[in-house]
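Beneath this line is the structure, given in structure tokens, with notes to follow.
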Amino acid sequence: MSDLQSQDYVRRSATTMTPPMARSHEDQVAKLIDVSRCIGCKACQSACMEWNDLRPEIGHFEGSYENPMDLGPSVWTLMKFNEYENEQGNLEWLIRKDGCMHCEDPGCLKACPAPGAIVQYANGIVDFISDKCIGCGYCVKGCPFDIPRISKTDHKAYKCTLCSDRVTVGLEPACVKACPTGAIMFGSKTDMTHWAGERIEDLKSRGFENAGLYDPPEVQGTHVMYVLHHADRPSLYSGLPDEPRISPVVQAWKGILKPLAVIGIAAAALAGFFHWVTVGPNEVQDEDEAEADRAMREVEEEEKSP
Amino acid sequence: MTNTWQDIRNANVVIVMGGNAAEAHPCGFKWVIEAKIENGAKLIVVDPRFTRTASVADYYAPIRPGTDIAFLSGVMHYLLENDKIQHEYVRSYTNAGLIVREGYEFQDGLFSGYDEKRHGYDRSTWDYEYDEKGFAKSDDTWQNPRCVINLLKQHVSRYTPEMVSRICGTPQDKFLQICELFAGTAAPDKALTSLFALGWTQHTVGAQNIRAMAMVQLLLGNIGVAGGGMNALRGHSNIQGLTDVGLLSNQMPGYMNLPRDVETSFDEYMKTKLFKPLRDGQTSYWQNYRKFFVSFQKSIFGNAATAENNWAYDWLPKLDIPLYDIIKAFEMMNDGQMTGYICQGFNPLQAFPDRGKIRRGLSKLKFLVTMDPLDTETSRFWQDFGPQNPAKPSEIQTEVFQLPTTCFAEENGSLVNSARWLQWHWKAAEAPGIAKSDIWIMTGLFQRLRELYRKEGGAFPDPILNMVWNYTDPREPNPEELAKEMNGRALVDLTDATTGAVTKAGTLLDSFAQLRDDGTTASGCWIFTGSFTEKGNMMARRDATDPREQGIAPNWAWAWPANRRILYNRASADLNGKAWNPKKPVIEWNGTRWVGLDVPDYGPTVKPEDGVGPFIMNAEGMARLFARDMMAEGPFPEHYEPMESPADNVLHPTVSHNPVARVFDGDRNNFGKREDFPYVATTYRLTEHFHFWTKHALINAILQPEEFVEIGEVLAKEKGIAQGGWVKVSSKRGEVICKAYVTKRIKPLTVDGKPTHVIGVPLHWGFTGQARKGYGANTLTPSVGDANTQTPEFKAFLVNVEKTSAPVTA
Chain A
897 MSDLQSQDYV RRSATTMTPP MARSHEDQVA KLIDVSRCIG CKACQSACME
947 WNDLRPEIGH FEGSYENPMD LGPSVWTLMK FNEYENEQGN LEWLIRKDGC
997 MHCEDPGCLK ACPAPGAIVQ YANGIVDFIS DKCIGCGYCV KGCPFDIPRI
1047 SKTDHKAYKC TLCSDRVTVG LEPACVKACP TGAIMFGSKT DMTHWAGERI
1097 EDLKSRGFEN AGLYDPPEVQ GTHVMYVLHH ADRPSLYSGL PDEPRISPVV
1147 QAWKGILKPL AVIGIAAAAL AGFFHWVTVG PNEVQDEDEA EADRAMREVE
1197 EEEKSP
Chain B
271 MTNTWQDIRN ANVVIVMGGN AAEAHPCGFK WVIEAKIENG AKLIVVDPRF
321 TRTASVADYY APIRPGTDIA FLSGVMHYLL ENDKIQHEYV RSYTNAGLIV
371 REGYEFQDGL FSGYDEKRHG YDRSTWDYEY DEKGFAKSDD TWQNPRCVIN
421 LLKQHVSRYT PEMVSRICGT PQDKFLQICE LFAGTAAPDK ALTSLFALGW
471 TQHTVGAQNI RAMAMVQLLL GNIGVAGGGM NALRGHSNIQ GLTDVGLLSN
521 QMPGYMNLPR DVETSFDEYM KTKLFKPLRD GQTSYWQNYR KFFVSFQKSI
571 FGNAATAENN WAYDWLPKLD IPLYDIIKAF EMMNDGQMTG YICQGFNPLQ
621 AFPDRGKIRR GLSKLKFLVT MDPLDTETSR FWQDFGPQNP AKPSEIQTEV
671 FQLPTTCFAE ENGSLVNSAR WLQWHWKAAE APGIAKSDIW IMTGLFQRLR
721 ELYRKEGGAF PDPILNMVWN YTDPREPNPE ELAKEMNGRA LVDLTDATTG
771 AVTKAGTLLD SFAQLRDDGT TASGCWIFTG SFTEKGNMMA RRDATDPREQ
821 GIAPNWAWAW PANRRILYNR ASADLNGKAW NPKKPVIEWN GTRWVGLDVP
871 DYGPTVKPED GVGPFIMNAE GMARLFARDM MAEGPFPEHY EPMESPADNV
921 LHPTVSHNPV ARVFDGDRNN FGKREDFPYV ATTYRLTEHF HFWTKHALIN
971 AILQPEEFVE IGEVLAKEKG IAQGGWVKVS SKRGEVICKA YVTKRIKPLT
1021 VDGKPTHVIG VPLHWGFTGQ ARKGYGANTL TPSVGDANTQ TPEFKAFLVN
1071 VEKTSAPVTA
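If you read the sequences in order, they're chains A and B.
Sequential numbering of the first sequence, starting at 897, is according to this note's numbering.
Sequential numbering of the second sequence, starting at 271, is according to this note's numbering.
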């Protein structure tokens, strides 16, 4: 977001080199969401809207406490509710705050063809740098958690920033500050993992023998973690992926064809950008999309061939 | 609350029943989570719906709306039958051993003394047996069959687990599991806290619901101790303050009673307020009533209140009927007996039962004044908003004066929270537009009325003309000046009888113990004395230091009475003055006085061996398992069906409903029958909204945009109702067309062998504000109230539900 933070980049999208670190080491941070003490009050959603100046439209009631109905360019976090009948026939109302997981190995960043549009800071936060975003939607495809959304207003991708603007000045994310029951906590990843351990012990003593921490190794861990009563079945929590995987397409593209593809797509993006400057966003969006799709298809074909 | 929010963390078991603390009090609910995490507490939820509170509970049991007394009487039966009570506590601190007089009885659903004609009781038999000195007789061995404890055992013996399940629809195993968890807190060092709210009050048996739980807590020895108590979670930030200053038609500040017209003289009025001790040597603190009353009169009328004119007793209004509550007010409007209405900070068109009746009443007024920061539905009752408010302006002659007021953040002042803390708050923003403070508006009305009385005389000008109005700015008294007036002052130099210390005339008082009945002190609300002293504004204190990390920070704000944080805290210690729970002492006897974290609710130097009971406000010094004549329905709680019920009262079919419920004849015809309205409905609030206010705020409207009802999957299937589809919910009073939330969280209950469906009706939507327009839950609710509090029965009534299509809007 700010120039100051750019000195903390450890990764940039569509960039082969790791940026050198001008500043000394920062602690890796994490937000820990303890679903067992979450009451689904939506204070986090409200605080997110307040801090980030987001106001989605007033929707309708559509058969759930979920409102708005989905994440969106103005909805960066969303409470999701699942009514689950357990093996004993007792009801559990599993409520989960959904939003960006800030993966250590971010699929969005890997997929992004626009240089520097997605960055990862030394503290682990994955951030979208809007003025570099070309709105291609590849981050959406690259994300194993289905988080980013493209704005119809400015054709850029949006998601939770983990309040990187607050964190960089020593504040906790807005949702953490607003949470009335302490279900959302923020600190160093080490401390959060340790605290999660205590919580899991408590849950096990209350009969949740599969309680555990959700910090999926498939994406090398996340900077947003959950304490779950049923860590053996994350998907019970409104589709939290049991094994979140970055699409093999994105993996291959980054791994095998990185130098070529990146240059190609970056060039296309750049062309698109100049086009956008001179012609306007809509047409550029289409052209850029077509160009990028072509590159993706090439990669896919490459993969299929023996 | 007897205890505090922070004190919840000391509980071993938390029961949320008659409320939905996580949903309605999410901030305070953090202390329940704290109890679970830091104290290993178990959370139990008993509710017709699986609520947000239930989502973090260790145990959940469903219950049919309006059957809580049966459940809790079943708990009492279990505790007594299985001998799971805190014996020493019950024996010494409650009236278990007192002997009830002959003549008291309970038969076929009625207590002795019922008068069918006036739907009321002669309560004279609901009392103890007295000796020649006028003291209640007791039998500490509990052998006498007319001991309270034996009568209680007999009374609750009908509430077996089978019977509880038959009435409440709660599965027996779940009920017994909860009984066991409760029973565990009978141990002297364990505590159960009860968190409740409107889920208990808004019934025809509301006060008795709460009483039943209080009795459970007494049997378990959980009143007065850390982590225990009866904790009413108040629904507005200052509703506790409203009751404290007596903003009810039959009350005066500090829980004193407004005189009735039969009390034609001050002596007559005081006759029923002498509060003679009912056992030897008891405190019976209300014996000081006269001091509080005279000090109040001095505060209002100053020098004009004298011994000669009986402290201006004649200038007080006198009630000709028991009270003019809101149900009564709207009854009178509909009858044309009340033609003007000043509606301050209140939105009855949304908030009061039988919306159609409210609208008809308002339509018959000559004038309506609304004072509110928001554009309320009540202010717009005359306007056509389509099906959600089908008014015909051309047929309504009511003149409406809509006066915009400041909201809490736009003024200085104090709020009294659930824990009885008076907390000062500071203005954060200027009021928008032409909004004025309530103080400014009320002052303006007063000044003009007084001027009219001055000029024109009038029938009885004395009270208005003699009222003291010595404020720096007489047009808008400063909130600090008003707070000082509530606190009270010495009017002459006062000499303390024991210490000889002198309090100079004009000095702000430190304690209500300084108040006198000879006209030498003034106090606007005796329970607030000590809140604003010569040391400053105690309500503005913000020292969060909690010396034992036990939820008591004595220098944070100020709690009435006397900055006491836990009421009845003498009961936290045993007969010798040692804490029942040594790990969490509240006050203890140190050999010469009571010391500890909290201000003793007891004479600070009264020795334990003196035998003074811990419940000093009661004339017998003991907590009452048998309520004497205090409750309208009887000295013990009894299960009565809601006024509209899907089932007969299996205990006594001839007396099915509360025989003394507050109901007007016109409304009696407006109750639905189960043949036409087969489903039980209950109304409630959602976290996303605060009553009818936050639908005016964009973010809240986004988070919960549109009116809906909750219907269980089984019923939805039966009625062909789709998830998110349109339904028509109707009662005898009206209908609501809204969306359906088909949910697993409401299951059919088996009541007396029959399946019973419950429909949940959240109540936040109306026709003003930012959220989508709604009909309002009070379109459906019946106009009937609790016999003690007149609180309407919003939590249990009958409806029908059908699939339909979207309402037609113009």
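For every residue, glycine included, the Cβ atom is placed at its ideal position computed from N, Cα and C.
Computed from a prediction, not measured in an experiment: that's the story for all the values here.
- Taken through DSSP and simplified to helix, strand or coil, B:Trp-581 comes out as helix.
- Nearest CB-CB separation between A:Pro-1130 and chain B: not below the 7 Å threshold.
- Annotation: the continuous beta strand (DSSP E) that includes B:Ser-684 extends over 683 to 686.
- About 18 Å separates the CB atoms of B:Gly-776 and B:Phe-566; that is not less than 8 Å, and the two are not in contact.
- In this structure, the beta-carbon distance from B:Asn-280 to B:Ala-457 does not fall below 7 Å.
- If you draw a straight line from the Cα of B:Asn-527 to the Cα of B:Thr-773, it comes to about 29 Å.
- In this model, B:Phe-562 and B:Asp-732 are separated by some 22 Å (Cα to Cα).
- Using a CB distance below 9 Å, the part of the region 990 to 1017 of chain B facing chain A consists of Ala-992, Gln-993, Gly-994, Gly-995, Cys-1008, Lys-1009, Ala-1010, Tyr-1011, Val-1012, Thr-1013, Lys-1014, Arg-1015 and Lys-1017, ordered along the chain.
- Counting only residues of its own chain and dropping the five nearest sequence neighbours on each side, A:Val-1036 has a CB closer than 6 Å to the CB of Pro-1044.
- Not flagged as an interface residue toward chain A: B:Phe-466, since no C-beta distance is shorter than 7 Å.
- By the beta-carbon neighbour count (other beta carbons within 10 angstroms, threshold 16), B:Arg-504 is buried.
- In its chain, beyond the 5 residues on either side, Arg-436, Ile-437, Ala-917, Asp-918 and Val-920 have a beta carbon closer than 8 Å to the beta carbon of B:Asp-1022.
- Residue contact check for A:Leu-987 against chain B: a CB pair falls below 7 Å.
- B:Pro-702 and B:Asp-708 have their C-alpha atoms some 14 Å from each other.
- Uninterrupted beta strand (DSSP E) stretches at least 3 residues long and entirely within the region 974 to 1011 of chain A occur at 987 to 995, given in chain order.
- At a Cβ-Cβ threshold of 7 Å, B:Asn-365 and B:Arg-840 do not count as neighbours.
- The alpha-carbon separation between B:Asn-573 and B:Gly-758 amounts to approximately 15 Å.
- Among the CB atoms of chain B, one or more fall inside 7 Å of the CB of A:Gly-936.
- With respect to the C-alpha of B:Thr-576, the residue from B:Gly-789, B:Leu-421 and B:Arg-835 having the closest C-alpha is B:Gly-789.
- Counting only runs that start and end inside the region 920 to 945 of chain A, there is no alpha helix (DSSP H) element of at least 4 residues.
- Identification of residues in the region 940 to 958 of chain A having a C-beta nearer than 8 Å to some C-beta of chain B yields Gln-941, Ser-942, Met-945, Glu-946, Arg-951, Pro-952, Glu-953, Ile-954, Gly-955, His-956, Phe-957 and Glu-958, given in sequence order.
- The region 894 to 952 of chain B contains, as complete alpha helix (DSSP H) runs of 4+ residues, the segments 935 to 938 (chain order).
- In this model, B:Ala-311 and B:Leu-1050 are separated by some 39 Å (Cα to Cα).
- Residue burial is scored here from C-beta neighbours: B:His-506 has fewer than 16 other C-beta atoms within 10 angstroms and is therefore classed as exposed.
- Under the three-state reduction of DSSP, B:Trp-996 is assigned to strand.
- DSSP places B:Gly-288 in no alpha helix (DSSP H); its state is neither H nor E.
- Excluding residues up to 5 positions away in sequence, Thr-713 and Gln-717 lie with their Cβ nearer than 8 Å to the Cβ of B:Pro-744 in the same chain.
- The alpha-carbon separation between A:Cys-934 and A:Ile-1142 amounts to approximately 28 Å.
- Counting C-beta atoms within 10 angstroms of its own C-beta, A:Val-1065 has fewer than 16 neighbours from the protein chains shown and is therefore classed as exposed.
- Residue-level contact check: A:Pro-1076 touches chain B, since one or more beta carbons of chain B fall below 7 Å from its beta carbon.
- A:His-1090 and A:Asp-1111 have their C-alpha atoms roughly 13 Å apart.
- Annotation: B:Ser-408 to B:Trp-864 spans about 28 Å, alpha carbon to alpha carbon.
- For B:Met-526, the beta-bridge partners assigned by DSSP are B:Met-522.
- A:Arg-992 is outside the set of residues whose beta carbon lies under 7 Å from a beta carbon in chain B.
- B:Trp-1035 is not bridged by DSSP to any residue.
- Residue pairing by DSSP places A:Ser-1084 opposite A:Val-925 in a beta bridge.
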